[in-house]
Amino acid sequence: MTVFTDVVCPFCGCLCDDLEVTVEDGHVKGVKNACGISRSKFLNHEKNRLEAPTVDGVEVPLEKAVDAAADILSTSMRPLVYGLSSTECVAIAKAVELAELAGGVVDNTSSVCHGPTILALQQVGESKTTLGEVKNRADLVIFWGSNPSQAHLRHIIRYSGMAKGRFIPNGRKDRYIVAVDIRKTGTTRLADEYVKVEPNRDFELLQALRAAVRGHELLAESVAGVPREKVTELAERMKTAKFGIVFFGLGLTQSEGRHMNIDAAVGLVAELNNHTKFLLTPMRGHYNVGGANTVTTWQTGYPYAVDFSRGYPRYNPGEYTSIDMLARGEADSALVIASDPVSTFPAGVVRNLAKIPVVTLDHKVTPTTMLSKVVIPVATAGVEAEGTAYRMDGVPLRLSKLVEPREGVHSDAEVLEMMIKRMGGRAY
Amino acid sequence: MKDIIVKGGYVYDPLSGVDGERMDIHLSAGKVVEEVPERDAKVIDAKGKTVMPGGVDIHSHIAGSKINLGRLLRPEDHRKDPVPRSKHTRGGVGYSCPSTFVTGYRYAQMGYTSVMEAAMPPIGARHVHEELNDTPIIDKAAFTLFGNNYFTLKYVREGDKEKLKAFMAWLLKVTKGYAVKIVNPGGVENWKWGRNVDGLDGNVEGFDVTPRQVVTMLAEANEELGLPHTIHLHCNNLGIPGNWETTVDTMDAVAGVKPTKGRKNTVHVVHCQFNALDGDSWMTLKSGASKVAKYVNAHPHVTLDMGQVIFTDTTTMTGDGPWQFRLHGLTGNKWVNSDVEMEAGAGVVPYTFKKNNPANAIQWGIGLEIALMVKDPWRVYMTTDHPNGGPFIYYPKVLAWLMSRKARTDTMLESNKAVMKKTSLAGNYREYTFNEVAIVTRAATAKVLGFKDKGHLGVGADADVSVYDVDPSKWRPSQYAEIERAFRLASYTIKGGEVVVKDGEVTSTPLGSTYWVKAETPPELEQELVKELEADFKKYYTVSFRNYPVEDAYLPTQRVVKAQGGVWK
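Sequences listed follow chains G and S, in order. Residue numbering for the first sequence follows my numbering, beginning at 3 and increasing consecutively. Residue numbering for the second sequence follows my numbering, beginning at 2 and increasing consecutively.
This is the structure in structure tokens:
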């Protein structure tokens, strides 16, 4: 029996790094300190696994599957490489290299989650911090369109709510928590204040707050369903906090206004910095979606939606984003890595995906593997393979290899490297 | 690998005392050697050309969260400069925030073979090393940020220099850093509350220490540890008119520090242009270069780099969070701030230096004044603080300005008159020689960084050589465009004994080494330190102590440099 301590959890953007995992005879037997989702990921990682590489549903040796995958990608006109947010960084780098080699498009799941956050950053910037400063200093925490009590289970405990820090010796007692949402959630229940915003009207509320922070008098009786007094009171609370932070989620990025909502939030926070310290940080979902953006950016200059058809990287969300590529019927093959677009993309887009040859690298059976022409089982990053992951705030941590994958099963990075070699790529 | 003879070029190897002599350089197994047999060697004809050791950039921002935020922030910058893939190279983007591959290629194309990443936040060290591993050809090292680190401030407050030394040795080891970087000491800690520190004697909140104490103790500790490079210091009050005084005060604060064996210097002041402003507002701005140069000329413990301004659209990025917020306020440009728990911060703001802007014209003049007024070229180095003053691809332009008064005059005539009135540049007739260029771009930088095998072509040196297509025996300063052309694309760049650039084209992309420094600490002291660190990590960090050190997996090509050995009490 081996007990691994300080294990990094490969589930959500929190990347909790204090897990204790017990391994016996090459199997995970117990997990301590983890949240329910994390525990389930570790304990069930052997369930529902892909048994063997397949081409057209027929089991084949790995080499044959790699050959078939390489053939598909190198003979198609417009291959799309997608996924990447639930694997480690070397695999992400290899996927970018492969897309470049094939003259295709590489995109990651941020095109369906925090893509608008990135667009807003490119427009106006962003004032952010690593989570430790929140733990040490934040006396005002605002969750806006995000629900960590159900999506980032230990966020509030480890970083933003109960956590005690240098200037927050009493943890939760020293913090005022505000939750802005369209409905009651676990997070609004544990907040000191719940601000109920009408659906799709976050932008107005953010702008009204910004106006109030600037000292303008609000004339409207209510904004986005929030009474005027409550808006000015919240603005005042923000100005007088010692250290405030907004954590925002898909409630802000994927509701009406999208990147303009984030633009408004960034503007509000920048404004507040004339009065006190204020920051904002996106609640990233998949554990390494941050890494997918980070690696793609250092290799190509752009975080997602990168096209290599001209031999150099081009960036155009809305054109080279996966959903748009598929909706237009433009992609004529797809390589999916560590993701399940069939479960998450709109139905019409999935229908188009079903029309083209799809190569999928995954460790489990998913709806996407079921419609793929080529399926290659891989090791689970963070359990069976090591590598780097970037936390939601950009802190890089080392994922561990706790158990050996089954014989003949390789990591995402290794399989991608085989495909690159087969496609005539060279070592750079 | 085939042996190489670089034949018949005009060789500039200041560390070996070779000043433009025509001679052959023999390379074998990655090193400069006495002689190799010509029949088995690849002979490179350097006749009528300039031969120098590979360039060594002492201060640049090429890897890690800060430059990557710049890349993320500026798709419009990339659109100006797309770089297609080729037979030997990956595609990417260039200009002010180049992708990692392009960074490596372009430095090599200019004949540079070693580049220092100037600011590594410890908790983000893995990120820096991952990017360095994707930066081909050049050798690299990264400077770990210390000036606002919780433990630095704690040990300075406690006056415990021995513990501070042990901490420095430990942090360099776990981050795989090469030198001690200090950015706006105390100011970045205060920025965590949205404030800055009020100059060298201001108060660092929560610690009740002053930047003066922080800088002095770090400098003493650095020298007592015998680290290969001195402290690498970004002074307080950067970018604020009148800051030349803070800069000189800061230099003077470490005048009494005893340098480590074998050197006289105890501090390197970075991108000095931004810290040599005189006047009391942007309206009354004038050059403070002469005052800074006067001090430096009289005090051998100081080295500088220029931080030269280029008139172009660029991306400013520093670990100086409060300054970047100020710049955002001055320009209204988009602003990224990125605070780092317990240790550091950073900011990124795009900026355009304009010829017709009086302040920018003066800044342009100040950078050159510093390089021309500091008499000893071994103590002032050519940088643009890439990409803060301008992208590194403009280095050849800076060399032209240094080597040709006509080049400077031509630019001055196109610029705001303020540069004539508020700087002394017009009256400066000094022109750098080829030998001086070799000093400020490779020999002196390698020396001050403590790279024994770099920056020269003596036997045993690394086989890093650049050959430039300019004949120094015929060149005249009026032909400054020739300098720009020749130094932009080297005829040959040889890295580790391998030709990596030929006629300006990248022909091979080996992965260079990453250097880091190991300093010994008495074991009992280290144990005591680790116990203290562990306790505070538990309370204040969000990563566990065990997950903090950078694993060897991130350094596939590491080279460890040992510190000279400490003075311990």
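Using N, Cα and C, we set each Cβ at its ideal position, and we do this for glycine too. In this text, all values refer to a predicted model and were calculated from it rather than measured experimentally.
Leaving aside the five residues before and after residue i along the sequence, list all residues of the same chain whose C-beta is less than 7 Å from its C-beta, in chain order.
i: Val-7 of chain S; result: Asp-25, Ile-26, Ile-45, Ala-47, Val-52, Val-466 and Val-468
i: Glu-485 of chain S; result: Pro-397, Lys-398 and Ala-401
i: Leu-252 of chain G; result: Cys-115 and Gly-147
i: Trp-476 of chain S; result: Glu-483
i: Leu-103 of chain G; result: Ile-422, Met-425 and Gly-427
i: Ser-76 of chain G; result: Ala-104 and Met-425
i: Trp-192 of chain S; result: Gly-322, Pro-323 and Gly-346
i: Leu-239 of chain S; result: Asn-185, Phe-275, Asn-276, Asp-321 and Trp-324
i: Val-460 of chain S; result: Val-33, Val-34 and Glu-35
For residue i, which residues does DSSP report across the bridge?
i: Pro-343 of chain G; result: Per DSSP, none; premise fails for Pro-343 of chain G.
i: Tyr-493 of chain S; result: S:Val-468 and S:Lys-503
i: His-22 of chain S; result: Going by the sequence as given, residue 22 of chain S is Glu instead of His. Partner(s): S:Val-12.
i: Glu-195 of chain G; result: G:Val-180
i: Asn-338 of chain S; result: G:Ser-129 and S:Gly-348
i: Arg-400 of chain G; result: G:Thr-390
i: Cys-14 of chain G; result: G:His-288
i: Gly-291 of chain S; result: Sequence inspection shows Ser at residue 291 of chain S; the Gly mentioned does not correspond to that position. Per DSSP, none; premise fails for Ser-291 of chain S.
i: Gln-559 of chain S; result: S:Thr-515
i: Pro-369 of chain G; result: Pro-369 of chain G pairs with nothing; no bridge assigned.
Within the same chain, show all residues whose beta-carbon is closer than 6 Å to that of residue i, passing over the 5 residues directly before and after it, in chain order.
i: Ser-151 of chain G; result: Gly-188 and Thr-189
i: Val-136 of chain G; result: Tyr-161, Ser-162 and Ile-247
i: His-29 of chain G; result: none
Please decide whether residue i counts as near chain S, where near means a Cβ-Cβ distance under 7 Å.
i: Glu-223 of chain G; result: no
i: Glu-195 of chain G; result: no
i: Thr-283 of chain G; result: no
i: Ile-171 of chain G; result: Here the sequence assigns Pro to residue 171 of chain G, which means Ile is not the residue at that position. No, Pro-171 of chain G does not count as interfacial toward chain S.
i: Pro-379 of chain G; result: no
i: Ser-162 of chain G; result: no
i: Lys-96 of chain G; result: no
i: Thr-382 of chain G; result: no
i: Thr-131 of chain G; result: yes
i: Thr-278 of chain G; result: yes
i: Arg-400 of chain G; result: yes
i: Pro-305 of chain G; result: yes
i: Asn-35 of chain G; result: no
Is the Cβ of residue i closer than 7 Å to any Cβ of chain G?
i: Pro-186 of chain S; result: no
i: Ile-124 of chain S; result: yes
i: Ser-17 of chain S; result: no
i: Lys-335 of chain S; result: yes
i: Thr-543 of chain S; result: yes
i: Val-531 of chain S; result: no
i: Arg-72 of chain S; result: yes
i: Trp-194 of chain S; result: yes
i: Ser-100 of chain S; result: yes
i: Asp-199 of chain S; result: no
i: Val-518 of chain S; result: no
Under 7 Å, Cβ to Cβ, is there at least one residue of chain A near residue i?
i: Val-126 of chain G; result: The chain labelled as chain A is not found among the protein chains of the depicted structure, namely G and S.
By Cβ distance, which residues of its chain are closer than 8 Å to residue i, with the 5 residues on each side in sequence left out?
i: Asp-135 of chain S; result: Thr-101 and Phe-102
i: Val-215 of chain G; result: Ala-237, Met-240, Lys-241, Leu-270, Glu-273, Leu-274 and His-277
- Counting Cβ pairs closer than 8 Å, one from the region 486-493 of chain S and one from the region 126-142 of chain S, do we hit at least three? No, because fewer than three Cβ pairs between the region 486-493 of chain S and the region 126-142 of chain S fall closer than 8 Å, the two stretches do not touch.
- Which runs of the alpha helix (DSSP H), 4 residues or longer, sit entirely within the region 124-173 of chain S? Counting only runs of 4 or more, we get 126-134 and 151-158.
- Output the residue ranges of the beta strand (DSSP E) runs that lie fully inside the region 103-147 of chain G and measure 3 residues or longer, sorted by chain position. Taking only runs of at least 3 residues, the beta strand (DSSP E) segments lying wholly in the region 103-147 of chain G are 107-110, 127-131 and 142-146.
- Message: To test your reading of the DSSP string, which unbroken alpha helix (DSSP H) runs of 4 or more residues are found completely within the region 403-489 of chain S?
- Response: Runs found: 406-415, 419-423, 435-439, 445-450 and 481-489.
- Item | alpha helix (DSSP H) segments (min. 4 residues) lying fully within the region 226-253 of chain G | Counting only runs of 4 or more, we get 230-242.
- Contact between the region 407-414 of chain S and the region 262-269 of chain S: three or more CB pairs below 8 Å? With the cut-off at 8 Å, the region 407-414 of chain S and the region 262-269 of chain S do not touch.
- Take every Cβ of the region 545-563 of chain S, pair it with every Cβ of the region 208-225 of chain S, and state whether three or more of those distances are shorter than 8 Å. Segments in contact, no.
- Message: Check whether the region 333-348 of chain S and the region 368-383 of chain S are in contact - that is, three or more C-beta pairs closer than 8 Å.
- Response: Contact fails: fewer than three Cβ-Cβ distances are below 8 Å.
- Uninterrupted beta strand (DSSP E) stretches inside the region 218-287 of chain S (no shorter than 3 residues): Every beta strand (DSSP E) stretch that sits fully inside the region 218-287 of chain S and reaches 3 residues is listed by chain position as 232-235 and 268-270.
- Task: Please determine if the region 157-175 of chain S and the region 504-520 of chain S are in contact, where contact requires at least 3 C-beta pairs separated by less than 8 Å.
- Result: The region 157-175 of chain S, when compared against the region 504-520 of chain S, does touch it at the 8 Å Cβ threshold.
- Should the region 80-93 of chain S be called in touch with the region 495-511 of chain S, which here means at least 3 C-beta pairs below 8 Å? The region 80-93 of chain S makes contact with the region 495-511 of chain S: 3 or more CB pairs, one atom from each, lie closer than 8 Å.
- Counting pairs of Cβ atoms below 8 Å between the region 103-115 of chain S and the region 496-508 of chain S, do you hit three or more? Counting Cβ pairs under 8 Å, three or more are found: they touch.
- May I have a chain-ordered list of the alpha helix (DSSP H) segments no shorter than 4 residues that lie completely inside the region 352-397 of chain S? Fully enclosed alpha helix (DSSP H) runs of 4 or longer: 359-374.
- Within the region 192-220 of chain S, ranges of the alpha helix (DSSP H) (whole runs, at least 4 residues): If you keep only unbroken alpha helix (DSSP H) runs of at least 4 residues inside the region 192-220 of chain S, you get nothing at all.
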